[in-house]
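In what follows, a single structure is set out as structure tokens and then discussed.
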Amino acid sequence: MSVSAAEEELTEDERAGLELVRETGGIHQSDFWKELDVSSRKGSRIVESLVEKELVDREETVYDGHNTYYISPTARDLDFRLLMAGDMLSPFIGEEEIDPQSDAFSQWIMNLAYEE
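If you're matching positions, the sequence shown starts at 1 in the numbering used here and goes up one per residue.
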């Protein structure tokens with residue numbers, strides 16, 4: 001089933017939950033149900049449904065000293081276009097420090113300018 005087909009079948013609560021996860025970029029399940037103003041049980045059911053439909057990812061974590069889950073958008077929901085200039089990935093992605101006067105940064109900026 002495609003993502004768009006799965007999204008068409010969402011209930012109103014599931015749609016609100018998916019929108020919340022996408023807007024926040026990720027949220028702890030203990031905050032998820034509070035933000036949606038639903039019970040923790042209903043919030044868990046919404047998350048389980050979204051995970052089953054592969055619209056969000058759920059990872060075990062500890063938050064405020066309690067075991068919970070971190071709910072995040074699936075990778076296909078992320079928009080990487082802002083990191084790209086043509087076919088070049090931003091030189092600021094990674095762990096090394098980049099000098100804004102470097103050739104790599106200059107080339108990336110030039111690619112951005114040529115896109116327009």
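All residues carry an ideal CB built from backbone N, CA and C; glycine is no exception.
Closest to residue i by CA distance: which of the options is it?
i	options	result
T74	F92, L50 and D87	L50
H28	G65, A6 and P100	G65
Compare the beta carbon distance of residue i and residue j with 7 Å and say whether it is the shorter of the two.
i	j	result
E32	G43	For the sequence presented, residue 32 should be read as Phe rather than Glu. Yes, these two residues count as a Cβ contact at 7 Å.
I46	E12	no
L20	E35	yes
Looking only at its own chain, which residues have a Cβ that is under 6 Å from the Cβ of residue i, when we skip the five neighbours before and after it?
i	result
S72	G26 and D57
Name, in chain order, the residues that DSSP records as bridge partners for residue i.
i	result
L10	Answer by DSSP bridge pairing: none, since L10 is not bridged.
T191	Since the first residue shown for the chain is 1 and the last is 116, residue 191 is missing from the structure and cannot be characterised.
P128	Given that the chain is displayed from residue 1 to residue 116, the structure contains no residue 128 and the question cannot be resolved.
A16	According to DSSP, A16 bridges with nothing at all.
Excluding the 5 residues flanking residue i on each side, which residues of the same chain have their C-beta closer than 7 Å to its C-beta?
i	result
L83	L89, S90 and I93
Y70	G26, H28, E59 and T61
R108	First, the amino acid is wrong: residue 108 is Trp here, not Arg. So the qualifying residues of the chain are A85, M88, S90 and P91.
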